[in-house]
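Here is the structure we will look at, set down as structure tokens.
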Amino acid sequence: MSSNEAVSSNEAGSSNEAGSSNEPVVRYEVEGHVATLTMNRPEVANAQNSALIDELDACFDRADADDEVRVVILAGAGKHFSAGHDLKAIVGNEGADEWVAMRETPEGKFHHEQIMYVDRCRKIHDFRKPTIAAVQGKCVAAGLMLACMCDLIVASDDASFSNPVLRMTGAGVELLVEPWELGIRKAKEFLLAAEELDAAEAWRLGLVNKVVPRAELTARTMELAQRVALVPPVTAQVVKDSLNNVGELMGKGASWRYHFMAHQWAHNTATALSALEQRKQMGSMKEVFAARDRGDAAGASTDTPTDTPAAAPGQAPPGQD
Ligand code: ZN
5 MSSNEAVSSN EAGSSNEAGS SNEPVVRYEV EGHVATLTMN RPEVANAQNS
55 ALIDELDACF DRADADDEVR VVILAGAGKH FSAGHDLKAI VGNEGADEWV
105 AMRETPEGKF HHEQIMYVDR CRKIHDFRKP TIAAVQGKCV AAGLMLACMC
155 DLIVASDDAS FSNPVLRMTG AGVELLVEPW ELGIRKAKEF LLAAEELDAA
205 EAWRLGLVNK VVPRAELTAR TMELAQRVAL VPPVTAQVVK DSLNNVGELM
255 GKGASWRYHF MAHQWAHNTA TALSALEQRK QMGSMKEVFA ARDRGDAAGA
305 STDTPTDTPA AAPGQAPPGQ D
């Protein structure tokens with residue numbers, strides 16, 4: 005129960021390397037009853053590649069197994085929470101792995117997304133201990149899906165939320181969180197018009213619980229986590245489960261299963277496949293996003309999300325270029 009027990013996941017000997025540095029791809033720290041998992045690919049706006057998804061999963065297992073941990077915070081290092089799935093690894097050759105190789109066929113694509121995207125996200129959604137996402141900067145597509153798996157969301161005042169993949173042929177991301185978070189009518193506008201919600205609007209719509217100044221995000225999220233940690237674990241677990249059950253009874257799981265199949269079908273349409281081919285011919289993700297914003301099908305991706313935060317002038321979009 006010491007409140008200063010900070011543990012780096014590296015100490016556990018995990019093979020959790022982020023590129024050439026020795027930085028773990030997800031940092032794992034425990035303070036008192038709160039574990040903080042920090043996605044640590046700030047140079048690509050925490051774009052989610054297979055290594056990051058695997059390590060996040062391992063960190064959740066670790067937090068689950070530690071009886072001292074009562075609450076988990078999910079955060080992102082750097083300017084942005086997450087740009088979504090790492091498209092660069094999927095469209096380009098960089099960072100290709102066995103999962104990416106599998107995507108050559110509809111069967112493989114289905115398997116990849118079922119295991120790495122849907123099941124991993126559902127596991128966080130159903131995690132037995134309460135979870136809080138701390139979101140700053142851009143929270144895009146699969147980044148939004150990930151944040152929405154948490155029980156609570158604290159956003160900093162510079163946070164923004166978007167899922168602009170439809171004009172790139174993506175049928176949303178794998179789990180359609182939007183109607184549950186925004187209501188059906190707003191979800192339609194958000195997705196069809198590629199609307200970006202700022203933190204204040206996200207709060208008004210009920211997507212996030214609190215908006216705090218950027219400089220206070222970590223402290224205020226920890227404060228909230230410590231309040232939640234006052235609840236005996238068994239009570240927190242049963243109440244969380246019962247609240248999730250309300251979502252189940254309202255059809256959340258069934259709607260997600262339906263959407264995932266529709267999403268897969270859309271991945272394999274002629275429209276999506278030809279857009280992917282054109283996209284592979286493009287020199288950079290910057291070109292891809294420019295095409296997308298012209299409404300040009302060449303900007304289309306059959307893949308999900310990974311859309312990236314808009315680049316600052318003269319700067320490549322994080323993680324994509
Ligand atoms: Zn997909």
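Quick note: to get the working numbering, add 4 to the position in the sequence shown (first position is 1).
C-beta: ideal position from N, C-alpha, C; glycine also.
Just reading off the alpha helix (DSSP H) that residue i is part of, what are its end residues?
i	result
Arg-31	Where Arg-31 is concerned, there is no enclosing alpha helix (DSSP H), although the beta strand (DSSP E) it sits in stretches over 30-35.
Thr-225	221-232
Thr-275	274-285
Check whether the Cβ atoms of residue i and residue j sit closer than 8 Å, and answer yes or no.
i	j	result
Leu-221	Val-158	yes
Arg-132	Gln-241	yes
Gly-141	Lys-92	no
Ser-1	Val-216	The question about residue 1 has no answer, for the chain in this structure spans 5 to 325.
Ile-94	Arg-107	yes
Ala-163	Val-144	no
Ala-198	His-267	no
Asp-155	Lys-244	yes
For residue i, which residues in the same chain have their Cβ closer than 7 Å to its Cβ, ignoring the five residues on either side in sequence?
i	result
Met-286	Val-292
Asn-44	Ala-22, Glu-27, Pro-28, Val-29, Val-30, Arg-31, Ala-81
Cys-152	Val-181, Glu-185
Leu-56	Val-29, Val-30, Met-43, Arg-45
His-37	Glu-72, Val-73, Arg-74, Val-75, Ala-233
What do you get for residue i, buried or exposed, if any count of 16 or more other CB atoms within 10 angstroms of its CB means buried?
i	result
Glu-102	exposed
Gly-210	exposed
Ala-146	buried
Asn-249	exposed
Thr-173	buried
Lys-284	exposed
Pro-110	exposed
Gly-187	exposed
Thr-327	Coverage of the chain is limited to positions 5 through 325, which leaves residue 327 absent and any answer about it impossible.
Starting from the C-beta of residue i, find all residues in its chain whose C-beta is less than 6 Å away, skip the five residues before and the five after it, and write them out in chain order.
i	result
Pro-236	none
Val-212	Ile-157, Ala-159, Ala-206
Tyr-121	Glu-178
Pro-183	Ala-191
Taking the C-alpha atoms as reference points, what is the distance between residue i and residue j?
i	j	result
Arg-231	Pro-134	11 Å
His-116	Thr-275	21 Å
Ala-279	His-271	10 Å
Ala-229	Leu-196	35 Å
Ala-304	Phe-264	Note on Ala-304: pLDDT 40, under 50, position unreliable in the model; the coordinate value appears next. Their backbone Cα atoms lie some 19 Å apart in a straight line.
Glu-35	Glu-227	12 Å
Arg-298	Arg-171	9 Å
Ala-238	Gly-255	Per the sequence shown, residue 238 should be read as Val rather than Ala. The alpha-carbon atoms of Val-238 and Gly-255 are separated by roughly 26 Å.
Val-355	Gly-251	A query on residue 355 cannot be resolved here, the shown segment of the chain reaching from 5 to 325 and no further.
What residue range is occupied by the uninterrupted beta strand (DSSP E) comprising residue i?
i	result
Phe-165	164-166
Ile-157	156-160
Tell me which residues share the same chain as residue i and place their Cβ nearer than 8 Å to its Cβ, disregarding the 5 neighbours each side in the sequence.
i	result
Leu-150	Gln-52, Leu-78, Ser-86, Cys-125, Ile-128, Ala-137
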